[in-house]
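One structure below.
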């Protein structure tokens, strides 16, 4: 590789030398392409060079669609935002949706089809898969053919599968993704109507197909604490975003979940509860019967889910705040469509050809299933995927698939809303969509997905004419028609898998398996934005770990970074431990998605593979796991962005209880005041609009969507594991997470921390060259061109929100990675300081647009990227001069304060103290 | 001949009654020969040291080139600790640079005769320390190629430095100090360079020394002008001793960071600077004295005087430590209190804190003993200790203020990289390299001043004997 590079460099240099001499006189201001090109005779109506266009589309995760709006600059998508009208988004975008943009441009994406090891083409592949050829292998009825698709609710795929079945009546169709629910019915919730919520192992605020909507509904009931604030109880083994938001959090081992629910149901029936906690929760729930929600984690066993259903029935919540619908996913509730049944079929000799489209089953399956080795024994394995990953290695045929931003398609949201996937670019690497692969199987190598989609849409009555179709495309979905409610499923028998049992023998612990908040099941492992995004709970980047409570770590004799050896039966896993205050004792949490072995360069060498220990596709907890310190394994140096968790008695992140806040005493000990000055601050800043931001800590759940939004909007570079270890991450916006009241079961407060845009900015007066200055509209501006990099500004910033380009972080970007950059924002060079600008490019764009329209700009017309992405609307932006704006009205609340106001910096960012709503009858503990 | 131009001529007082300022009864010629001898002959020891320091200089060049090519990221700096080794080294070296001018100019104005035999080494040390010091702020910039933006020059875009920031003050203070120190050193050298010219064994050397001697003939007229200029420059340099390190300290104290934001910094820094400078003078002087057999000119009287000064500076520094810690407690500010009362003494760099306290505060207390004040081994060891302690003091001021400041969420440790260590070690190399060149090519003791001291001592002896 290096030899080749060297040679290339020398040759390239000589070529360039020759060429530059030859062309020196010819080169004008523009490059003239070799092809003959024609300018637009009539410019497309929606397209003006330099002005971005927004398109509505949908992203599917685990089978369900989230509506998104994608910004496109001159034909290249640069930002994923939420679709305000879509029921699964409400304008917000999760971290996966936003970061999926980087995946589009990932230079590691597969580019060529191959047969065995030899490069091949789509046409060759399509002819090999055409019924005429394939029938010879799989029989005329297709008994030797199996399909493995990612879970989907797409009506188009459903119809294509139906027509394929006419060709191959005996073919098998399976759907698999580790975290997709395969239940026949799915619960739906209305958190807006819930006064009291009990979550048992559910991270509903940050995970699952409707988490953006649920987070908004939950937050809407906490925005005005004095106007009917809800109360959240969480019982969970690990520590999740939802647990950190809870008013009362109970640490609960996986084996204790079912007894807890049993006891709660008994308590609701009038029996004596087992604990004070259950008694208090039961009383509270009963007092809010019909106006409460009990929600169970999707990965709890079905018995726990049924208990929760029964409790909701007993509380009269069913039909009001909780109801069930038939799952729109194809094959839902069909035991013959699961991965397990596929594996059994593959173990037999009947299957000749298996076609896997998407997913990564060779990796993302329990090691005990041995799916990879089973797959390798199948004579003809076809895999279509984004990457040459683990499954691609086991496949004979490989075809690169297209990214969802490159394809036509359809999907359904969690409530059944028909959502459209429309492409923003031609496939960058020539990939094909699942629709085209299925069409090829049906003998149509040159399918027109758009035509098929329109036909399908017409067939199910979603759109009938061109006008309706255009409206649907513009909106991104077809509103209305939620799935019909179904009767609640009956309670199955006690599940045999997770019986309440005493804690295992000395040295054994429980292990729970969770979707990684960042890379999910591993499908996003190769995404630098996500790898470098601090985990919302542990602030860990570029890794996963065995998360242990301080007591358990002590008992096992491990500290953070020490390698732990976990063993259960014949399965073993060596993984470094990370001590997390608040984790349930004797429970280790493992996140999926690491320890990858594919050809993805970013993901390689990161973390440990939890699938090795994962017992079965429907079991996400394991008891009696032997845990011991691995004696000779070298310590793992974790890249954690926050290493100090307490506030040391300081008050940067303030909170209060509702009881106290509602009382006579004002919450904030210090009120915002202007420091004494002989200058008139209003006079000093001349502009009519004075930009400011208010952040509500009461509704901030710490999900980190804003961090990814900021990264995408502001061209923030990725620095990598080693530089995060050195505390050099470049995020302009970080989420500080503080723990209060003890390490056993701490109260959490999350605080988005970004440039406070101080009116008396300490960074400004210390800059020797005047590279950071104040604008007339109150922005603390950073002039990259003028910065020489003394870093004095960072030293004098009490909030430590300034970031320095220690290296040239953009030097080694590939051509496609450069395409993700927002052209409205400077890409910073080595040696200059940078920081949050309040998205000044958006402010200026709005000013210019308003100026062209000849009208004054209103402050709340501008939305910063973080504000836009926030699922809970915790961030509002606007102008100090507009008293009636939401931003200003929130500031008038008595819980509003500035961080470090005693320093006299007069920050333009103000925070609203978090108000908790603890149950007064639960004095002790949480 | 020169007495007329001195501010207060009178009789040269020996620094101590017990030790003479000069031993034996040298003649002018023998003094000149003794001082100039190293210029004509080099020893294998010199070559060995020279090779060693040249290797260190190459290390410096290599690490600097690496830093400039790749970026400041090759160092251990981070956010929050955006300043660390480089600024520590800067403050440390510039502090060392203070003793030269202090000994030369300050003591000249105070008519301390004992300075005559050591001021040359001290001044050379100042120049070389400043060369080292100036390297660091430059190198430390993210984009060092734009360093001149800190200088107020009439740019076509009409952009000026931000005069509210202490860093342009710093640039002005350090460049002024360097210029004045260099002129002062060179002016003092002129008569000695003429001596070297007159005694040089080869034509080439005569020519070279002749150029630098600038036509010095030693006439009364020249001496008179020379003395006036020398005292004027001394008068110019003396306030700079106070101002330079005061301005350097403002780099920190204008910030609002706990641990930096302190009004005691200017005197505290000046005292520390002179303290470390004196230690460095001893570290250089003691081996030179032994190697070049100069104990007749550099006597116990000189060592005793320097040791007493170090003790005085050490006490003042200890006072500063106590006061700044007291003020932190008295401020009742949580962050201030944390930095001084918890972060420094018990934080991740506590070892450095306690080493600093022992070396800077306790070790000079040995100099209450007269015997130890003239014991070269004790002087050398304590000096090394003080230099180490002073380096740690600057490191602690910079790093422990930054690594745990206001918001606990951004607290983070700093660890130096091999490049950081390489640059620090390389700067020692450069310093040694320059100093060894100085010893080899420049008279290391001010011959003319020593000779005038001899005359004064001789005339006093004559007066005493005739009185008897």
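Chains as they are written, first to last, in the working numbering: chain P, 910 to 1835; chain X, 40 to 507.
We put the beta carbon where it would ideally sit given N, CA and C, even for glycine.
Residue 493(X) to residue 76(X) span [Cα, whole Å]:
19 angstroms
Mind checking if residue 1165(P) is an interface residue toward chain X, Cβ cutoff 9 angstroms exclusive?
no
Between residue 74(X) and the rest of its own chain, which residues show a CB-CB distance below 6 angstroms, the 5 nearest in sequence each way excluded?
482, 484, 486
Can you give, in chain order, each stretch of the beta strand (DSSP E) that sits fully within the segment 1048-1076 of chain P and has at least 3 residues?
Counting only runs of 3 or more, we get 1054-1058.
I need the boundaries of the beta strand (DSSP E) containing residue 1294(P), first residue and last residue.
For residue 1294(P), the enclosing beta strand (DSSP E) has its first and last residue at 1289-1294.
Given this structure, state the Cα-to-Cα distance separating residue 1825(P) from residue 1141(P), to the nearest angstrom.
9 angstroms
Less than 6 angstroms between C-beta atoms, sequence neighbours within five positions excluded: which residues of the same chain meet that for residue 1059(P)?
Once the five neighbours on either side are set aside, the close Cβ partners of residue 1059(P) are 1086, 1267, 1268.
What are the boundary residues of the beta strand (DSSP E) that includes residue 1637(P)?
Element bounds for residue 1637(P): n/a, residue is neither H nor E.
Which of the three DSSP states is assigned to residue 1344(P) in this structure?
helix
So residue 1005(P) and residue 1429(P) are in contact, right, with Cβ under 8 angstroms, and what is the actual spacing, rounded?
6 angstroms
Would a C-beta distance cut-off of 9 angstroms place residue 1079(P) and residue 1054(P) closer than the cut-off?
yes
At what residue ranges does the segment 418-489 of chain X contain a whole run of the beta strand (DSSP E), taking only runs of 3 or more?
none
In chain P, what lies closer than 7 angstroms to residue 266(X) by C-beta?
Residues of chain P passing the Cβ test: none, with the nearest at roughly 40 angstroms.
Cα-Cα separation, residue 1828(P) to residue 462(X)
C-alpha of residue 1828(P) to C-alpha of residue 462(X): approximately 60 angstroms in a straight line.
Can the beta-carbon of residue 345(X) be found closer than 9 angstroms to that of residue 398(X)?
no
Inspect the CB distances between the segment 153-168 of chain X and the segment 341-357 of chain X and report whether three or more fall short of 8 angstroms.
yes
Three-state secondary structure (DSSP) at residue 1425(P)?
strand
I'd like to know whether the C-beta atoms of residue 1700(P) and residue 1742(P) end up nearer to each other than 9 angstroms.
Going by C-beta atoms, residue 1700(P) is nearer than 9 angstroms to residue 1742(P).
Distance, Cα to Cα, residue 1338(P) vs residue 1134(P)?
51 angstroms
So with Cβ pairs under 9 angstroms, would you call residue 132(X) a contact of chain P?
no
According to the neighbour-count rule (16 or more other Cβ atoms, all chains shown, within 10 Å of its Cβ), is residue 958(P) buried or exposed?
exposed
Going along the chain, which residues of its own chain have a beta-carbon closer than 8 angstroms to the beta-carbon of residue 1383(P), five neighbours each way excluded?
For residue 1383(P), where only same-chain residues beyond five positions count, the Cβ hits under 8 angstroms are 965.
Could you pull the DSSP bridge partners for residue 990(P) from this structure?
978(P)
Go to residue 1757(P), then tell me how far its alpha helix (DSSP H) extends in each direction, as first and last residue.
1749-1762
Could you check the C-alpha separation between residue 246(X) and residue 236(X) for me, to the nearest Å?
7 angstroms
Report the three-state DSSP secondary structure of residue 1108(P) (helix, strand or coil).
strand
In the DSSP assignment, find the beta strand (DSSP E) that holds residue 1533(P) and state where it starts and stops.
Counting along the chain, residue 1533(P) sits inside the beta strand (DSSP E) bounded by residues 1530-1538.
Under 9 angstroms (Cβ pairs) to chain P, residues found in the segment 99-121 of chain X:
109, 110, 111, 112, 113, 114, 115, 116, 117, 118, 119, 120, 121
If we cut at 9 angstroms on Cβ distances, does residue 1645(P) have a partner in chain X?
yes
Run down chain P in chain order and give the residues with a C-beta less than 7 angstroms from the C-beta of residue 201(X).
1676, 1677, 1678, 1679
Quick one: Cα of residue 1461(P) to Cα of residue 1557(P), how far?
25 angstroms
Do three or more CB pairs link the segment 1544-1552 of chain P to the segment 1481-1488 of chain P at distances below 8 angstroms?
yes
Does residue 1740(P) pass the burial test, meaning 16 or more other C-beta atoms within 10 Å, or should it be called exposed?
buried
Quick one: residues in its chain with C-beta nearer than 6 angstroms to the C-beta of residue 1808(P), no 5 flanking neighbours on either side, listed in chain order?
1561
Does residue 1741(P) get closer than 9 angstroms to chain X when you measure Cβ to Cβ?
yes
The segment 442-470 of chain X: positions lying closer than 7 angstroms to chain P by Cβ:
444, 445, 446, 447, 448, 449, 450, 451
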